[in-house]
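Undergrad:
Numbering (the working numbering), first residue to last: 681 to 1163.
(1) Let's test the definition: count the other Cβ atoms within 10 Å of the Cβ of residue 846 and tell me whether it reaches 16, buried, or not, exposed.
(2) Output the distance between the C-alpha atoms of residue 728 and residue 926, rounded to the nearest integer angstrom.
(3) Just to confirm, are residue 891 and residue 906 a CB contact at a threshold of 7 Å?
(4) Closest Cβ-Cβ distance between residue 715 and chain C: below 7 Å?
(5) List the endpoints of the continuous beta strand (DSSP E) containing residue 1119.
(6) Find out if the Cβ-Cβ distance for the pair residue 916, residue 882 is shorter than 7 Å.
(7) Apart from the five residues on each side of it in sequence, which residues of its chain come closer than 7 Å, Cβ to Cβ, to residue 760?
(8) Measure how close the beta-carbons of residue 1062 and residue 1077 come, nearest whole angstrom, since I'm counting them as under 8 Å.
(9) Starting from the Cα of residue 1099, find the closest Cα among 1116, 1085, 1084, 1083 and give me that residue.
(10) With distances taken from CA atoms, which of 740, 745, 804 is nearest residue 712?
(11) In the DSSP assignment, what residue or residues form a beta bridge with residue 1130?
(12) CA-CA distance, residue 808 and residue 765?
(13) Tell me whether residue 1156 is buried or exposed, calling it buried when 16 or more other Cβ atoms sit within 10 Å of its Cβ.
(14) Here's the rule: buried if 16 or more other CB atoms are within 10 angstroms of the residue's CB, otherwise exposed. What is residue 952?
(15) Does residue 1026 pass the burial test, meaning 16 or more other C-beta atoms within 10 Å, or should it be called exposed?
(16) What number of angstroms, rounded off, separates the C-alpha of residue 859 from the C-alpha of residue 901?
(17) Threshold first: 4 residues or longer. Then list the alpha helix (DSSP H) segments lying entirely within the segment 1011-1099, N to C.
(18) Short check: CB of residue 982 to CB of residue 941, under 7 Å?
(19) How would you call residue 706, buried or exposed, if buried means at least 16 neighbouring beta carbons within 10 angstroms?
(20) For residue 691, I'd like the list of residues in its chain whose CB is within less than 6 Å of its CB, leaving aside the five on either flank, ordered along the chain.
(21) Tell me the DSSP secondary structure of residue 778 in three-state form.
(22) How is the alpha helix (DSSP H) around residue 823 delimited, first residue to last?
(23) Between which two residues does the alpha helix (DSSP H) harbouring residue 979 extend?
(24) From the DSSP secondary-structure annotation, give me the bridge partner or partners of residue 1151.
(25) With a cut-off of 8 Å, do at least 3 Cβ pairs link the segment 967-980 to the segment 943-959?
(26) Is it true that the segment 794-806 meets the segment 829-844, where meeting means three or more beta-carbon pairs spaced less than 8 Å apart?
(27) How many whole angstroms separate the CB atoms of residue 1153 and residue 1139, which I take to be in contact at a CB cut-off of 8 Å?
(28) What did DSSP end up calling residue 872 once you bin it into helix, strand or coil?
(29) Tell whether a beta-carbon distance below 7 Å holds between residue 1050 and residue 1019.
(30) For residue 857, which residues of its own chain have a beta-carbon under 6 Å away from its beta-carbon, when the five flanking residues on both sides are left out?
(31) What's the C-alpha gap between residue 839 and residue 825?
(32) Considering only residues of the same chain and omitting the five flanking positions on each side of residue 1005, which have a CB-CB separation below 6 Å?
(33) Three or more C-beta pairs under 8 Å: does that hold for the segment 1032-1045 against the segment 1062-1075?
(34) What does the alpha-carbon distance come out to for the pair residue 736 and residue 844?
(35) Closer than 8 Å by C-beta to residue 683: which residues in its own chain qualify, once you throw out the five before and the five after it? Chain order, please.
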C-alpha cells in the first residue's frame, strides 16, 4: 500500500506570558469581574513560587467569579479574556478558546487595538504550546514505530507499537487543545490530519485536510496531503477486501484527477486482486485481468518511463489472453529495462501466441544471455524452437535443460573434465576450450551423459561416453536469421 508521508513542517516560537503587560484591575468594575481578575493574578504569582496547591485553588476561584462576571457584565471584555486565561491555565482548551474569542471580539468592537494585540498574543502562546506539544509527541510516536499501519512481526514490535499508540493519543490531546484555542487555523488542522494519517485513520485525516483547505485553498502542501490520504484510504479498502466500495471510491478519484497515475494504478491493483480470487470462473477472471491491464496501461500513459507500470500492464494483458496488447507492453518494458530477463521471457511467450516465432526466439535468447544459469529459460527457448520447427536448436537447449535439471554438478569441474578418456571428443574439447565452469553428470533412458557448460563462451557440450552428443550455443550468432 501507498504510504502516507507527512510534509508538514512548523517552526513555532512560544510567546511569553506576562501578567505585567496586561491592564491593571479597574476600580469601577463588577465585583465578580474584579475579584476574578485578582484571583488570576494571585494564582500566577503562586505558580511562579512553585506553590501549586494555592495556584490551582486560586484559578478555580477565578473561574467561578469570572463566569458570574460574564453573566452579569458581558461588556467587560477584558475580564472575559481573563476568564479565557484562567481556563487555559487549567488546560481547559475548549472553554478557554470560547472566552478568549468572545473577549477579543469585544475589544475589537471597542477599537482597543493595544488590548486586542496583548490578549491575542496571550491566547496564541497557549495555542503554540499545545500545538508544539502535539507535534513533538507525534514525531516521538513515529520514531518509536515508523509505520503504524504495519502489523507487529513479534512481541518486541507489539510493545513498540503500543508505546507509539500512547504517544499518538497524547499528541492528539495536544492538537485538539490547540484546535479548540484557535478553531479556524489551517496549521492545526493540517497537523491533526497528519496525525490521523500516520495512525492509518484515513477518513478522519481526509476530513481534517478538507477543513484546512477550506481555510487555505491555495496551500499546495495541503492539496498533496489530501491526495495522499485518499489514495491510502482506497488501498486500505482493497486490503480489507471491501473491493466494491474501493472501486467506487477510486473511480471518483479518477474522475476528479484523470491525469493521476496513482489513482489508475490503485484501481488496476484492485481488479488484479479480484481476478486472482476468481479461481473457478475463467471468463470472469480474464475480464478482471483485462480491466486491470487497461488501468495499468492508463497509469503508464500518465507516468511515462515507469517500467513497473508497463510490466504490470503486460502481465495483466497476458493473463487476460490479450496477447497483442501483452506484446506491446512487454516490448515497452524491455525498451525501458533491456536487462530484465523476466520481461524478455514473457515477451517471448506472448510472441509465440501471435505466431511470431523468430521474434520469440530472439527475445528468449536475450533472456538466456542475461541469465544462462536459469534452466527454465533454456527449456523455454527449446520449446520455442520446437514450435517454430527448428528441431536442431530445440534439442540443444532441451538437452542443456535436462542436464541442469536432472544432473549432479561436480564439486570440481576442472577435475571432472580431466577425467575424460584420452582421444575422446571430450578430451579434445578440454584441450581446445579449457576447463568448463560447470560439469553436470546425468542420465536419461538408461544412457549416461555429461554436460560441460562454458558460461563465459555462451556454449555447452553434452557428451555420451566421452563423445559429443549435442552442442548448445546462445551467443549473438545463435539468433534466428530474418528472411
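The C-beta atom is built at its ideal place from N, Cα and C for all residues, glycine as well. This one's a predicted model, so the numbers in the text were calculated from it and none came from an experiment.
TA: Per the coordinate set shown:
(1) exposed
(2) 56 Å
(3) no
(4) Absence of chain C from the displayed structure is noted, only one protein chain being present.
(5) 1118-1124
(6) yes
(7) 750, 779, 782, 783, 786
(8) 4 Å
(9) 1116
(10) 745
(11) 1121, 1143
(12) 14 Å
(13) exposed
(14) buried
(15) buried
(16) 19 Å
(17) 1021-1033, 1037-1050, 1055-1067, 1071-1086, 1093-1098
(18) yes
(19) Its pLDDT being 45, under 50, residue 706 is placed unreliably by the model, and nothing is read from it.
(20) Bear in mind that the predicted position of residue 691 carries a pLDDT of just 33, short of 50, making it unreliable; the figure below should be weighed with that in mind. Excluding positions up to five away in sequence, the list is empty.
(21) helix
(22) 793-824
(23) 962-982
(24) 1141
(25) yes
(26) no
(27) 5 Å
(28) helix
(29) yes
(30) 773, 810
(31) 10 Å
(32) 997
(33) yes
(34) 31 Å
(35) Reliability of the predicted coordinates at residue 683 is poor, the pLDDT of 33 falling under 50, and the value obtained from them is presented with this limitation in mind. Cβ neighbours of residue 683 beyond the five flanking positions: 827, 829, 912.
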